[in-house]
Every structure is written in C-alpha cells, then in structure tokens.
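Below you'll find the structure, written out as structure tokens, and then a few comments.
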Amino acid sequence: MEKRLIQVEERVPVKLLVPLSVQHMFAMFGASVLVPFMFGINPAVVLLMNGVGTLLFILITKGKAPAYLGSSFAFLSPALLVIDKFGYQYALGGFVVLGVCGMIVALIIKKCGTNWIDIVLPTAAMGPVVALIGLELAGNAADTAGLLAEEVDPRNVAVFLITLGVAVFGQILFRGFLSVIPILIAIIAGYISAAVLGILDFSAVREASFFALPNFQTPRFNVEAVLTILPALLLVTSEHIGHQIVTGKIVGRDLLKDPGLHRSLFADFFSTTLSGLVGSVPTTTYGENIGVMAVTKVYSVQVIGGAAVLSICCSFLGKLAALINTIPGPVIGGISFLLYGMIGTSGLRMLVDGQVDYGKSRNLTLTSVVFVVGLSGIALHLGNVELTGMVLACVVAMILSLIFYVLDRLKLTNDQEE
Numbered sequence: 548m549e550k551r552l553i554q555v556e557e558r559v560p561v562k563l564l565v566p567l568s569v570q571h572m573f574a575m576f577g578a579s580v581l582v583p584f585m586f587g588i589n590p591a592v593v594l595l596m597n598g599v600g601t602l603l604f605i606l607i608t609k610g611k612a613p614a615y616l617g618s619s620f621a622f623l624s625p626a627l628l629v630i631d632k633f634g635y636q637y638a639l640g641g642f643v644v645l646g647v648c649g650m651i652v653a654l655i656i657k658k659c660g661t662n663w664i665d666i667v668l669p670t671a672a673m674g675p676v677v678a679l680i681g682l683e684l685a686g687n688a689a690d691t692a693g694l695l696a697e698e699v700d701p702r703n704v705a706v707f708l709i710t711l712g713v714a715v716f717g718q719i720l721f722r723g724f725l726s727v728i729p730i731l732i733a734i735i736a737g738y739i740s741a742a743v744l745g746i747l748d749f750s751a752v753r754e755a756s757f758f759a760l761p762n763f764q765t766p767r768f769n770v771e772a773v774l775t776i777l778p779a780l781l782l783v784t785s786e787h788i789g790h791q792i793v794t795g796k797i798v799g800r801d802l803l804k805d806p807g808l809h810r811s812l813f814a815d816f817f818s819t820t821l822s823g824l825v826g827s828v829p830t831t832t833y834g835e836n837i838g839v840m841a842v843t844k845v846y847s848v849q850v851i852g853g854a855a856v857l858s859i860c861c862s863f864l865g866k867l868a869a870l871i872n873t874i875p876g877p878v879i880g881g882i883s884f885l886l887y888g889m890i891g892t893s894g895l896r897m898l899v900d901g902q903v904d905y906g907k908s909r910n911l912t913l914t915s916v917v918f919v920v921g922l923s924g925i926a927l928h929l930g931n932v933e934l935t936g937m938v939l940a941c942v943v944a945m946i947l948s949l950i951f952y953v954l955d956r957l958k959l960t961n962d963q964e965e
C-alpha cells in the first residue's frame, strides 16, 4: 500500500504535526548551527532568525511554497575575509546590503516574469543543475559521517550504517504512522547506537544554562566589506531558483508561477536582511528539508511552520539546543546520504518527465557540460567570491543556453523544428 501524500495546504493532526516538525528540525539543525560556529558567534540568534525567517517566508509566499530557511553556506568565504579584516559587525552590514539588493532583483523579476528561465535554463540544463544540488554534497555527507578521515573509526561506520539502513529500509517496510517519519526514526536509531558505542559527548549539555537570551548585534557598514560580500548574490539567486524548481517537481506544482519566483526570492532575501540587522547569518532554502519532503511525501507548510516554531524555542532553551547538538556526525551523515541522493534523483526525474530528446546534439551537449563542470571541482574567482559546483555549472548552462537561443534566432543551428 502506497503511503498517503499530504499536500502543501493540508492541515496535519497534532499527533502527526509534532513528530513531523521535529523530523524537519533535526534535518536542518546540524548544518544550520555549523555556520555560526565557523563565524565565531552563538548559534542561539541563528536558530531564532532561521525560525522567524521561515515563518515570514511562509507568510510572504501565501503558504504555497514549502521551504525551510537555514543558515547559508554561500557567504562563508567572503564573510570570513570580512570578519578577519573588519570584524563580524561589518559582515552583518554586507549581509544587509546583499539582502536589499536581492529584494530589488525579486521586484525586477516580478516586472519581467519568469519566461526567461525557459530560455536560459531549458530542461536539458536545469535537470543536471538540480541534480548537482544533491550530488555535489555527497562528499560533505561522507565527511560529516567521518568516513573520509585518514583513520576511520569503526564505531562511526557502524552508526552510519545503522542510521542509513533504518532510513533506507524504513521507506519500504514502515506502515501507517511510522511510514511518514522514517527520517526521525533513523535519527533516533542512530543516536541510540552512538550512545551504546560510547561516541556521545554531553559536556556541552551539562555546561549549558536552561534559559538563554540570543546575543543580538547591530550591523556596521564599510564599502570594501559590502563589495566583498555582494557577489554572493549570484550564488544565492541561482541556488534559490534550483531549489524552487526541484521542490515544485516534488510537490507537483510550478512554484515559479504560483506563488511566483518573485515572492519566494523576495522572502528569502527579506529574511537575510532581517537576520543581518539583528546579528544573525544569511538564510537560504535548505536542501536537507527538500529531501525530507521527497522521502516522506509530506509537503504541508504547517509542518514546516512547526519546525520553525521549534527552532525559535530552541534559541531560548540552552540545554535543549545543546542536547540536539550532541547528535553525532555519523548520524547526520547517514541521513544526508539519503536526502542528498533524493535531490539528485529529482533532477534526473526532470529529464525523464520533460522527455528530453538526446538525439539532439544541443541537449546532449548541455547536460554533459553541466555535469562535468559541476563535478570537476574547477572554480571561477570573482573578487573574493568563488563560483564552483552547482552554481558555476548553472552560470555555464545559462551562457551556453543563451548562445544556443541567439543562434536559433539567426537560423544557424541544424536541429530546429521545421
């Protein structure tokens, strides 16, 4: 019996809402708190603004686009440079300016529409770009699990396999209520196995206070700092478009048209602006949570909102946040293996559903070049921003597709429809 699909606008009973929301929060937690740790700030304010940003996203998109906003990794390289040279508050200023510029881009898209996306990113290009969102993270999942270390700890391997095994076989064996929370069950199974094998560290939980106010900071502005961070606008915009397309494929709706790319992009950058104003890091739609939706077939924004509320609560409950943060790398890595793979498969599904004709040289070329550029490890440096992986592949795909479009208009190509 196939598990029941819960659509975007459907209400979820409380007995389902709580575990489903916890499942989403666990999926985003590890990556979301890693960014503030790298910036050297308390993650409490980040958890608060991730939750607030997600609720604002749901409101601005009229509850039609299920997405969780977590800490963005697109800003790491330029932000660390700014922090090292000027201090964190000047990085906040860069986040605010970038967020405002992103909102302006969203307003331009509202005026111009989204038909240009079909020209610069046809299915033969967008499919592999979306697939790369998951595939290029495969190494991160393995590294998080501790499988790429010079000396691999057998305990890490055991916890990783238990977590991944429960998640994989839970997809086909669990029934009823359990069939919609396989990720949560896998995390619990992995956590228990980690406890049995003695790789959990509760020292941070003992030291954490029960209640703690987030550490707010105000931004400062410097032209050099802003110009260092601003090129990341391209990364976040490309990532957002890819996430909205893959989410749309999962839920069976064209989210670029309804609620519209302009709404979701505006909401994304509005969250980043607000976060920068109070001392938090930029936000972005999270692939981990897209993967959870693909696995569970639960797309309800009510569940996403529930996870956002839990994140806000964690920002004030020091011991709870510290306890969640004890989830070891092999557990997060085991879950990520499946979730990232699901995103990659969604990109391949786009090629199948779009019935891409690989008898045409242009389609074969586009897909081939995008995959090779995205997985080759090559990078393009624009100032202090590095374009690599999916983002660089997306840029190359857009340029190549635009050239093909111009050649078509000039009637120079040999594969146009009669």
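Read in order, the letters of the sequence shown correspond to residues 548 to 965 in my numbering.
Glycine included, C-beta positions come from ideal geometry on N, C-alpha and C.
Note that the coordinates shown come from a computational prediction; the quantities given were computed from them, not determined experimentally.
Annotated three-state conformation of T960 is coil, per DSSP. Excluding residues up to 5 positions away in sequence, nothing lies with its Cβ nearer than 6 Å to the Cβ of G686 in the same chain.
DSSP, read as helix, strand or coil, puts I553 in strand. Per DSSP, A714 is one residue of the alpha helix (DSSP H) stretching across 701 to 720. Minimum Cα-Cα distance from M945 among the listed residues T912, S883, Y637 corresponds to T912. Considering only P583, L679, A621, Y738, the residue with the shortest C-alpha distance to G881 is Y738.
Contact between the segment 696 to 716 and the segment 739 to 753 is established, with three or more Cβ pairs separated by less than 8 Å. L929: member of the beta strand (DSSP E) spanning 926 to 929, first to last residue. For F813, the three-state secondary structure derived from DSSP is helix. Under the 8 Å Cβ criterion, the segment 677 to 692 does not count as touching the segment 850 to 868, having fewer than three qualifying pairs. With a cut-off of 8 Å on Cβ pairs, the segment 886 to 896 is in contact with the segment 787 to 800, counting three or more such pairs. K866 and E754 have their C-alpha atoms roughly 8 Å apart.
Taking all protein chains shown into account, L929 has fewer than 16 neighbouring C-beta atoms within 10 Å of its C-beta and is therefore exposed. Counting only unbroken stretches of 4 or more residues, the alpha helix (DSSP H) elements lying wholly within the segment 717 to 780 are 729 to 743, 750 to 754, 770 to 776, in sequence order. Per DSSP, the continuous beta strand (DSSP E) segment holding T832 begins and ends at 830 to 832. Ranked by how close their Cα comes to the Cα of M673, the residues K611, Y846, V942 have V942 in first place. Under DSSP, G617 shares a beta bridge with T831. Distance between T608 and S915, taken at the CA atoms: about 34 Å. At the C-beta level, G617 and F816 stay beyond 7 Å of one another. Judged by DSSP secondary structure, D665 falls within the alpha helix (DSSP H) whose first and last residues are 662 to 667.
Between I651 and H809, the C-beta spacing is not below 7 Å. One thing to note: A855 has its Cβ no nearer than 7 Å to the Cβ of G660.
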